[in-house]
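As they're listed, the protein sequences go chains A and B. Note that our numbering has the first sequence beginning at 1, numbered continuously upward. Note that our numbering has the second sequence beginning at 1001, numbered continuously upward. What follows is a set of notes on a single structure, which appears directly below.
There are 2 protein chains.
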Amino acid sequence: MTPHPVDPERVARARDRLPSAEEGDRLASVLTLMADPTRARLLYALDVAEELCVGDLAMALGVSEDAASYGLRVLRTAGLVTPRRQGRMVFYRLAEGFPEPLREHCLRQLIEMSRRPIDDDQDD
Amino acid sequence: MTPHPVDPERVARARDRLPSAEEGDRLASVLTLMADPTRARLLYALDVAEELCVGDLAMALGVSEDAASYGLRVLRTAGLVTPRRQGRMVFYRLAEGFPEPLREHCLRQLIEMSRRPIDDDQDD
DNA sequence: GAGATATCCGTGTGGCTGCACGGATATCTC
DNA sequence: GAGATATCCGTGCAGCCACACGGATATCTC
């Protein structure tokens, strides 16, 4: 169904440097973890506060404890946060192996972008 | 239901610097656009090749034209890519107002991260 | 103008997902 | 040890989403 490439040169160049389907899947998986208001804010809170228990996280975000717990469950399963039991409480922090690029480029840079609504209407 | 904060100091600090629910929503919206293998690779291809038509994009990614078209539809609706009609073809490129942080920090930095599987098992 | 072609759009659908709910478990308090 | 508490887990469900499919539209070719 696909015709001969209209611009074979650019197709070749794109094809060459493009992330593979598998790499695309990996990237999407990681970004999906951040692409949720609750999880993004959980991670941000842990980046700022270093360590917090579930109840305090829920309070800081203004969400139900269930929502916080669920978000943490997902992040923990993905290995992005680590639990530390102390008595009946569980304190979470960003995992040792938390991907630096994610921390640096998503948590710290992209959040700034979201401070302002996206301007998709700007002309030079 | 929520008890008094266990660590009021850290809760206050997190609360202070945390993105608001609305900001979290905005961030999640933008990241959701990248958090899909097809869309992420479409954007990456356009970043590399500058401009490509739908058929060539589908060919470069190795996906159906329908999948490419749908991905572009979403990105276009969000204002991240711009179409340029030429005859019966439509060439796409990253929009003028494409958020720089997204381009810089997601397209160019995070892709590198996805080259390797995430190592959630690393100890010092 | 007739047929082929590149893309768009609306609709249908199977699969995923965020979270509430109910119950289990381990811990603290008395 | 009895009751309260912090968190976890499994389940259920409503909402969303990526894409296939069918049809429409505009363009090119002859």
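Built from N, CA and C at the ideal position, the CB exists for glycine as well.
**Study point:** Whole-angstrom C-beta distance between valine 11(A) and aspartate 1056(B), which should lie under 8 Å
**Key:** 5 Å
Review point. On the three-state DSSP scale, how would you describe arginine 73(A)?
Key: helix
Point to revise | Three-state secondary structure (DSSP) of arginine 1151(B) | key: Nothing can be reported for residue 1151(B), as the shown portion of chain B is limited to 1001 through 1124.
Exercise for review: Would you kindly work out how many angstroms separate the C-alpha atoms of glycine 1079(B) and threonine 1038(B), rounded to a whole number?
Suggested key: 17 Å
Point to revise | Cα-Cα separation, alanine 1060(B) to leucine 94(A) | key: 37 Å
**Study point:** For alanine 1014(B) and alanine 49(A), believed in contact at Cβ under 8 Å, the rounded distance
**Key:** 4 Å
Review point. Count the other CB atoms within 10 Å of the CB of glutamate 1023(B); is the residue buried (16 or more) or exposed (fewer)?
Key: buried
Review point. Taking Cβ positions only, does glycine 140(A) come closer than 8 Å to chain B?
Key: Outside the shown range of chain A, which is 1 to 124, sits residue 140(A), and nothing can be said about it.
Exercise for review: Taking only the alpha-carbon atoms, compute the straight-line gap between glutamate 51(A) and methionine 89(A) and give it to the nearest angstrom.
Suggested key: 12 Å
Exercise for review: Along the beta strand (DSSP E) that carries arginine 1013(B), what are the first and last residues, could you check?
Suggested key: Counting along the chain, arginine 1013(B) falls outside any beta strand (DSSP E), though it belongs to the alpha helix (DSSP H) covering 1008 to 1017.
Review point. Which value, in whole angstroms, describes the spacing of the CA atoms of valine 1054(B) and phenylalanine 1091(B)?
Key: 7 Å
Check your understanding: Secondary structure at proline 101(A), three-state DSSP: helix, strand or coil?
Key -> helix
Check your understanding: How is valine 63(A) classed by DSSP in three states: helix, strand or coil?
Key -> coil
Exercise for review: In angstroms with no decimal places, state the Cα-to-Cα distance between aspartate 123(A) and threonine 1032(B).
Suggested key: Unreliable positioning characterises aspartate 123(A) in this predicted model, as indicated by a pLDDT of 38, which lies under 50. A coordinate reading is not provided.
Check your understanding: Is it true that the CB of arginine 41(A) sits closer than 8 Å to the CB of leucine 1018(B)?
Key -> yes
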